[in-house]
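Below: one structure, written as structure tokens.
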Amino acid sequence: MKQRPEPLPDHEASASLTALARAFAGLKTADEVARFLDDLCTPAELEALVDRWRVVPLLQQGVPYREIHDRTGVSVTTVGRVARTLDRGAGGYAIAARRVSRTNESH
Numbered sequence: 001m002k003q004r005p006e007p008l009p010d011h012e013a014s015a016s017l018t019a020l021a022r023a024f025a026g027l028k029t030a031d032e033v034a035r036f037l038d039d040l041c042t043p044a045e046l047e048a049l050v051d052r053w054r055v056v057p058l059l060q061q062g063v064p065y066r067e068i069h070d071r072t073g074v075s076v077t078t079v080g081r082v083a084r085t086l087d088r089g090a091g092g093y094a095i096a097a098r099r100v101s102r103t104n105e106s107h
């Protein structure tokens, strides 16, 4: 991934992340979010995001890393990173997975 010669100061990086989060929050449908992601991300970035999201439900079901790799083609290293983030991250994966699960149950 591209690195800046000098990182943004913390307050600018935080404000930029907040602005991006607000842009996502302002979208109304999954189609709008998908279109935004298509515009925002390179194909490789989008593939990486999709791979990470695909393994979340499998990890939550307790599927072993190697089996997740065999089922999805996602590297065991990526599966491990997602698992660590599920366990010790900011909680975003869990929030999103819970909401998607509720939405699927109501349809």
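Residue numbers (the UniProt record's numbering): 1 to 107.
Virtual Cβ for every residue (Gly too), placed ideally from N, Cα, C.
This structure is a prediction, so every number in the text was calculated from the model and none was measured.
TODO: State the CB to CB distance for the pair Val74 and Asp51, rounded to an integer number of angstroms; the pair is presumed to be in contact (CB under 8 Å).
DONE: Position 74 of the sequence shown, counted from the first residue, corresponds to residue 74. Position 51 of the sequence shown, counted from the first residue, corresponds to residue 51. Their Cβ separation, rounded to whole angstroms, is 5 Å, which keeps Val74 and Asp51 in contact under 8 Å.
TODO: Kindly indicate which three-state DSSP category Arg98 falls into: helix, strand or coil?
DONE: As a first step, residue 98 must be located in the sequence shown, where it is residue number 98. If DSSP states are grouped into helix, strand and coil, Arg98 belongs with the helices.
Open item on the list: Let's test the definition: count the other Cβ atoms within 10 Å of the Cβ of Leu59 and tell me whether it reaches 16, buried, or not, exposed.
Closed with: Locating residue 59 in the sequence shown gives position 59, counting from the first residue. Looking at its Cβ environment, which holds 16 or more other Cβ atoms inside 10 Å, Leu59 is buried.
Open item on the list: In this structure, how does DSSP classify Gln60 when only helix, strand and coil are distinguished?
Closed with: Sequence index remark: in the sequence shown, residue 60 carries index 60 (1-based). Here Gln60 sits in helix by DSSP.
Open item on the list: My output table needs one value for Ala15: the three-state DSSP class, helix, strand or coil.
Closed with: As a position in the sequence shown, residue 15 is number 15, starting the count at 1. Here Ala15 sits in helix by DSSP.
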